[in-house]
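Just below is one structure, and these are the notes that go with it.
Protein chains in written order, with the working numbering: chain A, 262 to 546; chain B, 679 to 1068.
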């Protein structure tokens, strides 16, 4: 197992740091899957995580100038590591104006992801800062837990309102109740509602638009077209989980979508230039 | 005592007080012929700081009481006088510090623009002199750098980091975060920064060495140094001996003396300091493959743990010493140097900072004084009197 990579471009480094920082705000530990073409940050939707799942995919070529990977075996040419993204985020932040940053899998006192950055200085020699982040190597037999989640058979798919506005609304609502209902329809309307003994609050968004999912799965398209576009589909979620997702966003996505499966799960998809992030929040009764 | 600070020096004085406040809770003030000394020490006696302001720093410096006057007061009260640095700079023209005639208050008067006078009357307690025993000039290693270099270095470490290890060789300096061996060694992130001797104004290393001290206390000095633009000098020897950081110019002299971890594996680390090549491009030596093979068949070899801390080394002979084995020298039952570490840990009333088992303090009393050496009555010196002035 071998992994060596290098980032030279400052813009790429900044973007990569922002992605990692976003991930670090969503979860304390996650799995990093390295393949020859992509990097994935994965959180499997287990009960231990409160049922929340995350899948973030980056194309390595868009960030790294050098990327060499030798996986566990020839057929399984990938590496799976468990780490704390916060460590990675802090390490990258110290290297923001570095000339080069190398990220490598090493063995120190335990398996580590080593970040080595060459920092510019006024004198001729450069300064090298090295961070060793301890990681756990995940054996192949457990890789099934970290596969790409399949798109749920959603009832409604809708573009989200500007995340900043949504975050402000959810922040206020969090003070009033622990649970929030998200509902939307195929007519570009979304409502966020909370209801307690004393008060109900609802925020209505209009003209959001619905993504045109090509009917790759004919039955899905069929089911949707039979649905009344005005009919609201809803799911009730823990407001803190939604807030955590919204708070962590470090930059604006080019597209943000929300799929809802009635009373089951909400599936949030954010697309950036070179990164895609999916987040699953299970519904509660 | 009667002195006046004018213009930009008011801000310098304020910054000095703020940086002292990051070390201890009480400010010891002592006007002498060679200037005004402000000192403080932390509760576990592992950090001491002292600023000496020469008479030239002041526009007036008069000391009618002579050597007699020494006092201490809560540092927070003094900080309150100099609270907002930005306003100080803009509005305060001079600061007058004088001892009240009936000797129970120290009056700080800020003369501000537009004729505004802000007067603070601070009460104080008489105190004995606080003096740490250290000798910079006998240090083995001396480094001097512009404050920017050190501030940038410190930025690479998380703000919550307690201790940093500095290792020197002939041409390089390594700053590493120190991981407490009580914490799980395999879970901590390790950060290391390597600087070459070029970056220093003065780089004199007579013996390779590696010292570990508290980063938090250093940050206080760095803030002061950066704002005044003064280079910072670092004097140190071997683990266990204190590290002295100082800033100097013609009218002021600031010294921060920090205890270092007394560590048997110091020998080990200074060897390692010799071996690392200039920052290796090529991590060939630490590939994962061999580790995985080991993992499949058996438990992997445990992480290399530095040797457990030994009881602290006694201070160099010739200095008046208080027994240094306990972090709290003022407890009645003094443990002898060489006592088992585990016994120490069960001692009640330990100050919360367990990490620094090495002390450098000489007796609080100057050598030769009748109360020199360690007697139970010396405890009273550091416990503040319960009677307080109004």
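Using N, Cα and C, we set each Cβ at its ideal position, and we do this for glycine too.
This one's a predicted model, so the numbers in the text were calculated from it and none came from an experiment.
Below-9 Å beta-carbon distance, residue i vs any chain B residue
i                     : result
residue 346 (chain A) : no
residue 291 (chain A) : no
residue 352 (chain A) : yes
residue 519 (chain A) : no
residue 373 (chain A) : yes
residue 281 (chain A) : no
residue 442 (chain A) : no
residue 369 (chain A) : yes
residue 417 (chain A) : no
residue 389 (chain A) : yes
Residue i to residue j span [Cα, whole Å]
i                     : j                     : result
residue 264 (chain A) : residue 390 (chain A) : 19 Å
residue 297 (chain A) : residue 321 (chain A) : 8 Å
residue 508 (chain A) : residue 367 (chain A) : 33 Å
residue 937 (chain B) : residue 346 (chain A) : 34 Å
residue 711 (chain B) : residue 807 (chain B) : 15 Å
residue 468 (chain A) : residue 540 (chain A) : 23 Å
residue 899 (chain B) : residue 680 (chain B) : 27 Å
residue 700 (chain B) : residue 512 (chain A) : 36 Å
residue 916 (chain B) : residue 813 (chain B) : 14 Å
residue 912 (chain B) : residue 894 (chain B) : 16 Å
residue 702 (chain B) : residue 837 (chain B) : 19 Å
residue 343 (chain A) : residue 406 (chain A) : 12 Å
residue 920 (chain B) : residue 857 (chain B) : 19 Å
residue 273 (chain A) : residue 326 (chain A) : 9 Å
residue 521 (chain A) : residue 451 (chain A) : 11 Å
residue 739 (chain B) : residue 716 (chain B) : 15 Å
residue 387 (chain A) : residue 315 (chain A) : 38 Å
residue 832 (chain B) : residue 843 (chain B) : 12 Å
residue 737 (chain B) : residue 800 (chain B) : 22 Å
residue 922 (chain B) : residue 914 (chain B) : 6 Å
residue 723 (chain B) : residue 370 (chain A) : 33 Å
residue 393 (chain A) : residue 348 (chain A) : 9 Å
residue 810 (chain B) : residue 769 (chain B) : 37 Å
residue 788 (chain B) : residue 802 (chain B) : 19 Å
residue 878 (chain B) : residue 829 (chain B) : 13 Å
residue 490 (chain A) : residue 523 (chain A) : 15 Å
residue 281 (chain A) : residue 269 (chain A) : 17 Å
residue 928 (chain B) : residue 734 (chain B) : 9 Å
residue 780 (chain B) : residue 786 (chain B) : 15 Å
Contact list for residue i against chain B, beta-carbon separation under 7 Å
i                     : result
residue 386 (chain A) : 874 and 876
residue 355 (chain A) : 833 and 834
Proximal residues of chain B, C-beta to C-beta of residue i below 9 Å
i                     : result
residue 392 (chain A) : 834, 867, 868, 869 and 870
residue 464 (chain A) : Under the 9 Å cutoff, chain B gives no residues; its nearest Cβ is about 37 Å from residue 464 (chain A).
residue 382 (chain A) : 827, 830, 873, 874, 876 and 877
Contact set between residue i and chain B, taken where Cβ atoms lie within less than 8 Å
i                     : result
residue 395 (chain A) : 864, 865, 866 and 867
Bridge partners - residue i, DSSP secondary structure assignment
i                      : result
residue 363 (chain A)  : A:267 and A:377
residue 683 (chain B)  : B:773
residue 304 (chain A)  : A:315
residue 1096 (chain B) : This structure cannot settle anything about residue 1096 (chain B), because the visible part of chain B is limited to 679 through 1068.
residue 887 (chain B)  : B:846
residue 923 (chain B)  : B:912 and B:934
residue 728 (chain B)  : B:717 and B:933
residue 841 (chain B)  : B:892
residue 619 (chain A)  : The requested residue 619 (chain A) is not part of the displayed model; chain A covers only 262 to 546.
Examine the Cβ distances between the stretch 718-734 of chain B and the stretch 916-935 of chain B and report whether three or more of them are shorter than 8 Å. yes
Three-pair Cβ contact test at 8 Å for the stretch 760-772 of chain B versus the stretch 686-702 of chain B: yes
Given 8 Å, three or more beta-carbon pairs between the stretch 880-889 of chain B and the stretch 397-417 of chain A: no
Any chance the stretch 371-383 of chain A sits against the stretch 496-504 of chain A, with 3 or more Cβ pairs inside 8 Å? no
Quick check: the stretch 417-426 of chain A against the stretch 444-453 of chain A, are at least 3 beta-carbon pairs closer than 8 Å? yes
Between the stretch 835-851 of chain B and the stretch 869-878 of chain B, can you find at least three pairs of beta-carbon atoms closer than 8 Å? yes
Between the stretch 810-824 of chain B and the stretch 903-912 of chain B, can you find at least three pairs of beta-carbon atoms closer than 8 Å? yes
Within 8 Å, do at least three Cβ pairs link the stretch 355-374 of chain A to the stretch 300-313 of chain A? no
Segment contact, 8 Å Cβ cut-off, at least three pairs: the stretch 315-331 of chain A with the stretch 418-438 of chain A: no
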